[in-house]
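K.L.:
There's a structure below that I have some questions on.
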Amino acid sequence: MSPPSTFPPEIFDNIIDELATSKNALSACSLVHSSWAPRSKTHMFRNIAYKVDSPERDQRPSGDRTAAFQQHVASNRTVASYARHLVLTLTNRENIAAEIPQASQLHDLLSLILKCSNLIIYSVNDAVLTRLLGFIRQNNRLKRISLQSVIVDPSAFDVFMTCVAIRTRELQALHLHDVWAPDWITDAWSRWRTGHAGCNPKYKSHSLTKLCISHCEDGVIPAILRAFDVQGLQRLALLSLDWDSCAAMVSATLHATLLDLTMDFSNHRPMSSNVSREDHIFYRLASIPNLQLVLKHFRDAPSVLHRLYCASSQRQPLLQKLHLHFRRYPSPTDTMVDKALAELCSIIPLRISIGFDAEEGVRAACATTVCSREQIAALFPFMNRRGSLRFQSLDDWWDDSESRKSDF
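Rendered as structure tokens:
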């Protein structure tokens, strides 16, 4: 009779790995069992990620499942020693802090992804924030942190970001999505920003190379700039933010060696006659090799492209690749984008591509829009003659599903 396998059963149900394409193949792989043995010199797992989901019908509450996993980790050190990527889905409950693992049990993580559901952090002394800070303090080798769907008091968020910057000196990638202030605090971020001075520069983190901020309160960016030195950024994404917030972040990276920038112009206010104060933004855009611009309508693109042309004609541009991503499909009369691209390509030999939101692609076509590739291509006679029109999707390098493959 063969001895019972030492391979933890939690791996089969809760841990996602790239060793096999399916859980069945993973369970049947004898190499996994042999490599899990204590005498094994190497481990076949490239990464191990434990995921705690929200409780579903006919399932134990996530807190109970988390406790069971933590008890197993406490009795089997090999689980903690090979865990590299932790994904937590937290819910707004009284015992939510208990869903965060003890730092002493998982101590060698490379990435932490917090997917929250109506999580509210009331103050600096909130139990969840205290537990998170304690966890991060012990996992100071973290290279990637993602925080999603959080309602947080501005002072608590500022403390959290400062502690992250101080404790994780090797942090390379930061993703903030849907971070807002509580409804009962009127103009919370503005009041906090006005009454709070910048932190000591010596405490700033200088290791950050990738940053994505999307659907966040406008005060999030000042908090990031207080805690992190953004001059080392190589990839930056600013999505669904207030225009002033985008401009502030781009201005802060004037001396950074940015290689990729994704910037959302969907919320860009109409340009006034006095636009000289925005010139430095477009000078910056023209100096980035790979640029992705997200626009709501086709009619919004010509003015943006013309400003980019003016900036490129006055200074030596470094722009090599331009991707235009539209929230809406064009109408049959939207031909000005092709003319604006022709103007821009007259001074820069660009590689140009266009794309659309996925949800737009499944909508039924109506008489006022064109959605097939052939119809859209007909709106770009210059680009077709040039043979350089490409259709491709937005490079969402910050997406969690690809983080383990592309980031580290």
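Mind the numbering: the sequence shown is residues 1 to 408 in full-length UniProt numbering, read in order. A virtual CB, placed ideally from N, CA and C, is assigned to each residue, including glycine.
With C-beta atoms as the reference, is Cys212 less than 8 Å away from Trp398?
P.N.:
yes
K.L.:
Does Ser272 pass the burial test, meaning 16 or more other C-beta atoms within 10 Å, or should it be called exposed?
P.N.:
Confidence at Ser272 is low in this model, with a pLDDT of 47, below 50, so the placement of that residue is unreliable and no value is reported for it.
K.L.:
Which word fits Glu170, buried or exposed, when buried means at least 16 other C-beta atoms lie within 10 angstroms of its C-beta?
P.N.:
exposed
K.L.:
I'd like the span of the alpha helix (DSSP H) that includes Thr333, first residue to last.
P.N.:
Segment: none, Thr333 is in no alpha helix (DSSP H) and carries neither H nor E.
K.L.:
Is the Cβ-Cβ distance between Ser388 and Ile352 less than 8 Å?
P.N.:
yes
K.L.:
Note down, in chain order, each residue of its chain lying with its Cβ closer than 6 Å to the Cβ of Ala311, except the 5 sequence neighbours on either side.
P.N.:
Phe282, Tyr283, Ala286
K.L.:
Can you tell me where the alpha helix (DSSP H) with His206 in it begins and where it stops?
P.N.:
Run containing His206: none; DSSP gives neither H nor E here.
K.L.:
Cys116 bridges to which residues according to DSSP?
P.N.:
Leu90
K.L.:
What are the boundary residues of the alpha helix (DSSP H) that includes Thr130?
P.N.:
127-138
K.L.:
Count the other C-beta atoms from every protein chain shown that fall within 10 angstroms of the C-beta of Phe391, then say buried if there are 16 or more, exposed otherwise.
P.N.:
exposed
K.L.:
When you compare only the Cα positions, how much space is there between Asp324 and Ile100?
P.N.:
Sequence inspection shows Leu at residue 324; the Asp mentioned does not correspond to that position. Near 40 Å, if we compare the C-alpha coordinates of Ile100 and Leu324.
K.L.:
Compare the Cα-Cα distances from Arg84 to each of Asn95, Ala98, Asp108 and report the closest residue.
P.N.:
Asp108
K.L.:
In chain order, what residues of the same chain have a beta carbon less than 7 Å from the beta carbon of Phe265, not counting five sequence neighbours either side?
P.N.:
Leu293, Val294, Leu295, Asp300, Val304
K.L.:
What are the start and end residues of the alpha helix (DSSP H) that includes Arg284?
P.N.:
Per DSSP, Arg284 belongs to the alpha helix (DSSP H) from 279-286.
K.L.:
At what residues does the alpha helix (DSSP H) containing Ser346 begin and finish?
P.N.:
Note, Ser346: premise wrong, no alpha helix (DSSP H); not H, not E.
K.L.:
Note down, in chain order, each residue of its chain lying with its Cβ closer than 7 Å to the Cβ of Asp338, except the 5 sequence neighbours on either side.
P.N.:
Leu379, Phe380, Pro381, Phe382, Met383
K.L.:
Using the C-alpha atoms, what's the distance from Lys210 back to Val152?
P.N.:
23 Å
K.L.:
Whole angstroms is fine: what's the gap from Asp208's alpha carbon to Pro332's?
P.N.:
In the sequence as presented, Asp is not what sits at residue 208; that position holds Leu. The straight-line gap from Cα to Cα measures roughly 44 Å.
K.L.:
The alpha helix (DSSP H) spanning Ile166 covers which residue range?
P.N.:
154-167
K.L.:
Could you give the distance in angstroms between the alpha-carbon of Phe160 and the alpha-carbon of His175?
P.N.:
Distance between the alpha carbons of Phe160 and His175 is about 14 Å.
K.L.:
What does Ala237 pair with, by DSSP beta-bridge criteria?
P.N.:
Cys212, Thr262
K.L.:
Go ahead and label Asp244 buried or exposed: buried means 16 or more other beta carbons lie within 10 angstroms of its beta carbon, across all protein chains shown.
P.N.:
exposed
K.L.:
If you check the beta carbons only, do Leu318 and Asn290 fall under 8 Å apart?
P.N.:
No.
K.L.:
How would you label Arg235, buried or exposed, when you count the other beta carbons within 10 angstroms and need 16 or more for buried?
P.N.:
buried
K.L.:
If I measure Cβ to Cβ from Leu133 and keep anything under 6 Å in the same chain, skipping five residues before and after, which residues do I get?
P.N.:
The answer, listed in chain order, is Cys163.
K.L.:
Rounded to whole angstroms, how far is the Cβ of Glu343 from the Cβ of His306, which I believe are closer than 8 Å?
P.N.:
7 Å
K.L.:
So, for residue 410: in the same chain, excluding its five sequence neighbours on each side, which residues have a beta-carbon less than 6 Å away from its beta-carbon?
P.N.:
This structure cannot speak to residue 410, because the chain is shown only from 1 to 408.
K.L.:
Starting from His306 and walking both ways along the beta strand (DSSP E), at which residues does that stretch end?
P.N.:
Looking at the DSSP string, His306 is not in any beta strand (DSSP E); the run it does join, the alpha helix (DSSP H), is 301-314.
K.L.:
For a test of the three-state rule: what should DSSP assign to Phe228, helix, strand or coil?
P.N.:
Note: Phe228 maps to strand in three-state DSSP.
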